[in-house]
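Asker: For the sequence shown, our numbering gives the first residue as 1, with consecutive numbering after it.
For every residue, glycine included, the Cβ atom is placed at its ideal position computed from N, Cα and C.
In this text the structure is predicted, and so the values were computed from the model without any measurement.
Before I ask anything, here is the structure I am working with.
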Amino acid sequence: MKVLLVAATAVALATAAVASAGPAAAPPTLKPGVLTVGLDPPAVGFQVGTLRGQKVLNPHGFEIDLAKGIAAKLKISKIDYVKIPFTVLFRPGSKPFDLAFEEATITTARQRAVSFSASYFNANQGVLVSKKVVSEGKIPKSLNDLRKLQTCAQTVTTGLDYILHRLHPQKRPLQYGTTAAAFTAVQVNRCDALVLDVPIVASQKKTKPSAYGPVAGQIVTNEKYGAVMAKGSKLKPSVDAAIKALTANGSIAKWQKKWFNLNFSKVPVLK
């Protein structure tokens, strides 16, 4: 009888524990059951889509596959994509998105204003030159060669930081608010050399091979991309776990091959 009583008590406790646990808590997203993802297209390979107001419709690319993979891990079936200009991405305060994918390098300065996820992509800075540079025989073979050219970069990027604080070119760099404007400057020979992440410039060159000169080289900066979230976001642990799981199961490597199929290590290093 004593044995039966103990067994009955154990079953009752176990049942109560299961009942009290209940269903798993839903991820703490801005809108229940919806993952709101910030984008700033286009970035060839990473994300392209159609803009309608502040919405990004029918997006596709590496970061879109990654967003879908994270949503699946979080058991969220609906994703809203919204346009968030890169120039405002790192402003402190609340955010109109749960996380943003914008090829954003994790830096100490940025972490003072926002939270980053675990990294999902490694990159160096790349140098895309204009056709004028080619015709003049001035393709840079070294950082010293690069210093002599009219450089340009997108504002608030690590490429611009590198130009201003480490390269110190002879001419003041031109600055553009979007990657599209920076690429246009190279295409029309206003800018000799755009300093921007290798995967971005290499993918753009592959898409429009006759518009520019070559990707002349890369600058080793060992940068890591992370998804951007509001500072202290409660969603961060779940997003980190999802990215680590997608890395471990090979999904991220598969998507990189799918969308880029470029060997960035073959780009010569400028020293």
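1) Kindly indicate which residue of G226, P96, Q218 and A253 has the alpha-carbon position closest to the one of P268.
2) Could you pull out every residue in the same chain whose Cβ sits closer than 8 Å to the Cβ of K55, ignoring the five residues on either side in sequence?
3) By Cβ distance, which residues of its chain are closer than 8 Å to I76, with the 5 residues on each side in sequence left out?
4) Does the contact criterion of 3 or more C-beta pairs under 8 Å hold for the stretch 253-267 versus the stretch 57-68?
5) Looking only at its chain, what residues have a beta carbon closer than 7 Å to the beta carbon of S233, apart from the 5 residues adjacent to it on each side?
6) How big is the Cα-Cα spacing for C152 and L194?
7) So for V239, helix, strand or coil by DSSP?
8) Please tell me whether D40 and G126 are closer than 8 Å, where the distance is taken between their beta carbons.
9) So, for K271: in the same chain, excluding its five sequence neighbours on each side, which residues have a beta-carbon less than 7 Å away from its beta-carbon?
10) Would a C-beta distance cut-off of 8 Å place I243 and A118 closer than the cut-off?
11) So the alpha helix (DSSP H) E63 belongs to, where does it begin and stop?
12) Going by C-alpha distance, which of Q175, R52 and F97 is nearest L227?
13) Checking 8 Å against the spacing of the C-beta atoms, do P42 and A180 come in under that value?
14) Using a Cβ-Cβ cut-off of 7 Å (strictly less than) and excluding sequence neighbours within five positions of G61, which residues of its own chain qualify?
15) So, under 8 Å CB-CB, T155 and Q175 are touching, yes? Tell me the CB distance rounded to an integer number of Å.
16) Return helix, strand or coil for G33, following the three-state DSSP convention.
17) Inspect the beta-carbon positions of R147 and L167 and report whether they are closer than 8 Å.
18) From this set, A72, R91, L57 and K73, which residue's C-alpha is nearest M229's C-alpha?
19) Assign A185 to one of three DSSP states: helix, strand, or coil.
20) How would you call K236, buried or exposed, if buried means at least 16 neighbouring beta carbons within 10 angstroms?
21) Please report the Cβ distance between A202 and V220, rounded to the nearest whole angstrom; I am assuming they are in contact, meaning their Cβ atoms lie under 8 Å.
22) Mapping the DSSP letters down to three states, classify R91 as helix, strand or coil.
23) If contacts are defined as beta-carbon pairs under 8 Å, then K231 and A109 qualify, I think. What distance do you get, rounded to the angstrom?
24) Taking buried to mean at least 16 other C-beta atoms within 10 Å of its own C-beta, is G213 buried or exposed?
25) What residues are listed by DSSP as bridge partners for F121?
26) Please list the terminal residues of the continuous alpha helix (DSSP H) segment that includes L143.
27) Between V88, P59, Y120 and L89, which lies nearest to V239 when the distance is taken from Cα to Cα?
28) Look at L128 and A104 and say whether their C-beta atoms are less than 8 Å apart.
Answerer: The short version:
1) The candidate whose alpha carbon is nearest that of P268 is Q218.
2) Cβ contact annotation for K55 (same chain, cutoff 8 Å, sequence separation greater than five): D80, Y81, V82 and K83, in chain order.
3) If you ignore the 5 residues before and after I76, its C-beta comes within less than 8 Å of the C-beta of P27, T29, G33, V34 and L35, all in its own chain and listed in chain order.
4) At 8 Å Cβ cutoff, the stretches touch.
5) Taking C-beta separations shorter than 7 Å and ignoring five residues to either side along the sequence, the partners of S233 in its chain run S115, following chain order.
6) Straight-line Cα distance between these residues: approximately 5 Å.
7) Here V239 sits in helix by DSSP.
8) No, Cβ-Cβ distance for D40 and G126 is not below 8 Å.
9) Excluding its 5 nearest sequence neighbours in each direction, K271 has C-beta neighbours in its own chain below 7 Å: S142 and L143, listed in chain order.
10) Yes. Within cutoff.
11) Segment F62 to K73, the alpha helix (DSSP H) holding E63.
12) Per the sequence presented here, residue 227 reads as Ala, with Leu not at that position. A227 has its Cα closest to that of F97, out of Q175, R52 and F97.
13) Yes, they are a contact pair.
14) Only G45, F46, Q47, V48 and W259 meet the Cβ criterion.
15) About 5 Å separates the Cβ atoms of T155 and Q175, confirming a contact at the 8 Å cut-off.
16) In the structure shown, G33 sits in coil (DSSP, three-state: anything other than H, G, I, E or B).
17) A distance below 8 Å separates the beta carbons of R147 and L167.
18) Just measuring C-alpha positions, the residue of A72, R91, L57 and K73 sitting nearest M229 is R91.
19) In the structure shown, A185 sits in a helix (DSSP, three-state: H, G or I).
20) Its Cβ being crowded by 16 or more others within 10 Å, K236 is buried.
21) A Cβ-Cβ separation of about 15 Å leaves A202 out of contact with V220 under the 8 Å criterion.
22) The DSSP-derived three-state label of R91 is coil.
23) At roughly 13 Å, the Cβ-Cβ gap does not stay under 8 Å, so K231 and A109 are not in contact.
24) Burial call: buried.
25) Paired residue(s): Y225.
26) Where L143 is concerned, the enclosing alpha helix (DSSP H) stretches over L143 to R147.
27) Checking every option, the nearest Cα to that of V239 belongs to Y120.
28) For L128 and A104, no; Cβs fall outside 8 Å.
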